[in-house]
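> If you read the protein sequences in the order shown, they are chains A and B. Our numbering puts the first residue of the first sequence at 4, with every later residue one more than the last. Our numbering puts the first residue of the second sequence at 450, with every later residue one more than the last.
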Amino acid sequence: MPRDMMASFELYQPDSVDNAIDLLGRFGEDGWPIAGGNDTLDWFKDRVKYAQYVVDLTGIAELRGIRETPGGIEIGALTTLTEIEQSPLLQERYRVLADAARRVASPQIRNTGTLGGNVNQDTRCWYYRYGTDCYRAGGTTCYADTPQGQNREHCLWGADRCVAVSPSDTAPALVALDARMVVRNADGEREVAAEDYFIGPDVDIERMTILEPGELLTAVRLPSEWAGAKFYFEKVADRNTWDFPLVNIAAAMFVESGTIARIRIAAGAVECVPRRLTVVEEVVTGSPQNAETAALAGQAAVRGATPLNYNHFKIPLLENLVKRAIRDA
Amino acid sequence: MALEVDLETGKVEILDYVGVADCGTVFHPQGLTQQMKGGGVWGIGFALFERQIYDPQNGLPGNTGFEQCKSATYLDVPSIMCWDAVAIADPQNPVGARAMGEPPMGASASAILCAISDALGGHLFNRTPVVPDMIINYVAGREQSSRPLQIHTA
Ligand SMILES: Cc1cc2nc3c(=O)[nH]c(=O)nc-3n(C[C@H](O)[C@H](O)[C@H](O)COP(=O)(O)OP(=O)(O)OC[C@H]3O[C@@H](n4cnc5c(N)ncnc54)[C@H](O)[C@@H]3O)c2cc1C
């Protein structure tokens with residue numbers, strides 16, 4: 004298979020969201036929106052995925068920037084991860100997202116990679132990326148979930164023919180912040196909770212989000228409800244940069260006189276969607292923020308995990324990260 | 450080599466690195482510096498990051514790009530790495546020199562593995578690289594996922 008040589012495609016460079024949606028509507032399944040291209044061009048160069056019509060979003064000014072709104076903050080989908088990482092507004096009010104963006108990939112990738120691209124990126128299951136005819140690629144096999152399958156990076160929950168995980172570092176932070184994803188199509192705009200935006204193989208095995216062909220994510224809204232909370236983000240990867248998470252954790256909580264009053268917490272890379280740990284939220288709400296509560300939270304977090312041959316380390320790892328989030332936030 | 454092991458995340462942080470070469474007469478100190486530091490970094494990769502991923506059932510290699518090969522990055526190596534040379538001329542060599550390319554790699558890799566073992570009370574993994582999942586599994590008292598190495602003897 005020739006690698007590193009892209010097949011040619013037609014490139015469209017609309018200057019407004021309306022035009023982009025019009026184009027994507029026309030191209031349907033053959034269209035592909037591209038932002039920073041860090042995920043897209045991998046697929047194209049490896050000749051594993053191909054689109055005849057590529058719609059470049061980078062010329063659309065209305066998709067950029069971080070703005071204050073009456074209800075909180077709105078981040079345009081085309082805002083780069085570097086801009087998010089360095090935004091004083093986000094650092095001050097929603098630090099967990101700035102911290103998550105800072106841990107994505109490498110500085111070069113963050114300079115061009117966008118928030119929209121980061122949450123819409125495809126899974127990193129290496130069999131799928133290799134171009135096998137697996138379930139997610141429309142075939143009838145899962146190569147990762149076999150006795151000899153190399154599935155160290157795969158899921159603990161939500162396996163359904165496919166065992167791939169959500170690789171995004173920003174996604175769990177958005178779930179923790181109860182972010183709203185703004186989706187636009189030819190009929191108009193709708194808001195979807197971050198928690199409902201990501202979908203598992205049980206819903207649709209070939210997609211990772213609810214976006215249909217012809218739809219764009221235009222912005223992400225962070226509600227003021229969680230602004231200025233105590234935050235925790237941690238990512239464990241093999242390397243300290245330029246590496247996907249083995250597990251990551253994002254938490255937002257309000258602590259009143261030592262007691263956890265409200266909390267949202269989510270983990271990445273353990274399921275095909277960022278996993279909101281509602282059981283942890285229930286266990287710790289109303290409890291003192293201390294080591295004992297943290298230990299209980301850790302144990303609760305991993306209940307029901309179903310490991311594969313090479314990934315059972317994610318159980319103690321997730322337990323420890325939840326423990327740290329509660330203890331150290 | 451001095452390092453810290455985080456028992457909750459399995460991450461290893463190298464705090465200090467000193468390499469000393471028994472390389473005979475030193476001809477080119479700058480070149481030697483580069484060998485000692487560069488080789489040291491490769492050793493860090495051997496010991497901590499560079500895994501071969503292979504699916505034996507389907508004959509598929511997992512390392513198809515730099516990103517999967519995981520050589521060490523700037524953030525994975527100590528910011529200051531020191532070196533020195535014994536600088537005793539080799540009597541077997543007309544100019545007193547000795548080969549210098551590979552020794553720092555093996556030496557730095559073994560120093561890291563010894564330091565990890567020391568940090569874990571003497572536990573030996575008996576394979577490289579030692580990656581977070583191995584440390585996490587060890588600390589949690591879980592079995593390792595990888596089986597002992599199988600040798601093809603046919
Ligand atoms: C070597 C390497 C390491 C990486 N490490 C990490 C990591 O550690 N953590 C992490 O989270 N990510 C990591 N990534 C992934 C990378 O960060 C994300 O892919 C990046 O944020 C994608 O942004 P982009 O704008 O470049 O995406 P693009 O490639 O342009 O787009 C990605 C996908 O999103 C779709 N898309 C983009 N914008 C929109 C929109 N507005 N509406 C609808 N669909 C849209 C595209 O159609 C495409 O399918 C890594 C990538 C590489 C190549």
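Note that CB positions come from ideal geometry on N, CA and C, so glycine has one too.
Just checking: is the beta-carbon of Val287/A within a distance shorter than 8 Å of some beta-carbon in chain B?
Not an interface residue.
> Which residues of chain B have a Cβ atom closer than 8 Å to the Cβ of Arg155/A, listed in chain order?
Per Cβ cutoff of 8 Å: Asp582, Ser594.
> Among residues of its own chain, excluding the 5 on either side of Val588/B, which ones have a beta-carbon nearer than 7 Å to its beta-carbon?
Leu456, listed in sequence order.
> Helix, strand or coil for Thr144/A per DSSP?
It is a strand residue.
> Could you tell me whether any Cβ in chain A is nearer than 8 Å to the Cβ of Leu464/B?
Chain A, which has no Cβ nearer than 8 Å to the Cβ of Leu464/B, makes this no.
> Which bits of chain B does Tyr133/A rub up against, with CB to CB less than 9 Å?
What Tyr133/A touches in chain B: Leu509, Pro510, Gly511, Thr513.
> What I want to know is whether the C-beta of Phe236/A ends up closer than 7 Å to one or more non-hydrogen atoms of ligand 1.
Every heavy atom of ligand 1 is 7 Å or more from the Cβ of Phe236/A, so no.
> Let me check understanding here. Comparing Cα to Cα, which of Phe47/A, Ala108/A, Ala64/A lies closest to Val20/A?
Here the closest residue by C-alpha is Ala64/A.
> Return the first residue and the last residue of the alpha helix (DSSP H) that Leu464/B is part of.
Looking at the DSSP string, Leu464/B is not in any alpha helix (DSSP H); the run it does join, the beta strand (DSSP E), is 461-470.
> If you run the structure through DSSP and keep just helix, strand and coil, what is Ile202/A?
Note: Ile202/A maps to coil in three-state DSSP.
> Mapping DSSP to helix, strand and coil, what is Val273/A?
DSSP places Val273/A in coil when its eight states are reduced to three.
> Run the CB neighbour count on Ile537/B, radius 10 Å, all protein chains shown included, and call it buried at 16 or more, exposed below.
The residue in question, Ile537/B, is exposed, as its Cβ has fewer than 16 Cβ neighbours within 10 Å.
> Could you confirm whether any beta carbon from chain B is found closer than 8 Å to the beta carbon of Gln151/A?
Yes, its Cβ sits closer than 8 Å to a Cβ of chain B.
> Can you give me, in chain order, the residues of the stretch 247-263 of chain A that have a beta carbon less than 8 Å from any beta carbon in chain B?
Listed in sequence order: Leu249.
> What first and last residue would you give for the alpha helix (DSSP H) that runs through Gly79/A?
First-last for Gly79/A: 75-79, but that is the beta strand (DSSP E), not the alpha helix (DSSP H).
> What is the residue span of the beta strand (DSSP E) that Asp533/B lies within?
Here the beta strand (DSSP E) through Asp533/B covers 530-534.
> Under 6 Å Cβ to Cβ from Ile584/B, same chain only, skipping five residues before and after it: list those, please.
Excluding sequence neighbours, Ile584/B sits near Gly459.
> Could you give the residue range of the beta strand (DSSP E) that holds Gly191/A?
Element bounds for Gly191/A: 191-196.
> Would the beta-carbon of Thr126/A be found less than 7 Å away from any heavy atom of ligand 1?
No, the beta carbon of Thr126/A sits no closer than 7 Å to any heavy atom of ligand 1.
> Below 8 Å, how does it come out for the stretch 49-66 of chain A and the stretch 24-34 of chain A: are there three or more Cβ pairs, yes or no?
Segments in contact, yes.
> Please tell me whether Asp136/A has its Cβ less than 8 Å away from any Cβ of chain B.
Closer than 8 Å: no.
> Straight-line CA distance for Gln292/A to Thr577/B?
Distance between the alpha carbons of Gln292/A and Thr577/B: 39 Å.
> Quick one: does Glu26/A have its CB under 8 Å from some CB of chain B?
Checking the displayed sequence, the identity of residue 26/A turns out to be Leu instead of Glu. False, the Cβ-Cβ gap to chain B never drops below 8 Å.
> I'd like the span of the beta strand (DSSP E) that includes Phe236/A, first residue to last.
Note, Phe236/A: beta strand (DSSP E), 233-239.
> Using only the alpha-carbon positions, how far apart do Trp532/B and Phe257/A sit?
Taking the straight line from one Cα to the other gives about 49 Å.
> Please return the same chain residues whose Cβ sits closer than 6 Å to the Cβ of Leu569/B, not counting the five positions on each side in sequence.
Correct list: empty, nothing qualifies.
> Among all the DSSP beta bridges, which residues are the ones paired with Asn251/A?
According to DSSP, which records beta bridges pairwise, Asn251/A is partnered with Lys238/A, Gly271/A.
> Where does Asp331/A fall in DSSP's three states?
Here Asp331/A sits in helix by DSSP.
> Report, in whole angstroms, the separation of the C-beta atoms of Glu77/A and Arg70/A, which I expect to be a contact under 8 Å.
Contact holds; Cβ gap of about 5 Å.
> Select from Asp582/B, Thr474/B, Gly514/B, Pro527/B the residue whose C-alpha is nearest the C-alpha of Asn542/B.
Measuring from the Cα of Asn542/B, the nearest candidate turns out to be Thr474/B.
> Could you name the residues of chain B that Arg2/A contacts, counting a contact when the two beta carbons are closer than 7 Å?
No answer is possible for residue 2/A: it lies beyond the span of chain A, which begins at 4 and ends at 332.
> Comparing the C-beta of Phe47/A with each C-beta of chain B, is any distance below 8 Å?
Closer than 8 Å: no.
> Which residues of chain A have a Cβ atom closer than 8 Å to the Cβ of Pro505/B, listed in chain order?
In chain order: Gln151.
> Of the choices Leu14/A, Pro17/A, Gly134/A, whose alpha-carbon is the least far from that of Asp45/A?
Residue Gly134/A is the option with its Cα nearest to Asp45/A.
> With burial defined as no fewer than 16 other Cβ atoms inside 10 Å of the residue's Cβ, what is the status of Pro581/B: buried or exposed?
Buried, by the Cβ-count rule.
> Nearest by alpha-carbon distance to Thr115/A: which of Glu86/A, Arg224/A, Thr143/A is it?
Selected option, being the one with the closest Cα: Glu86/A.
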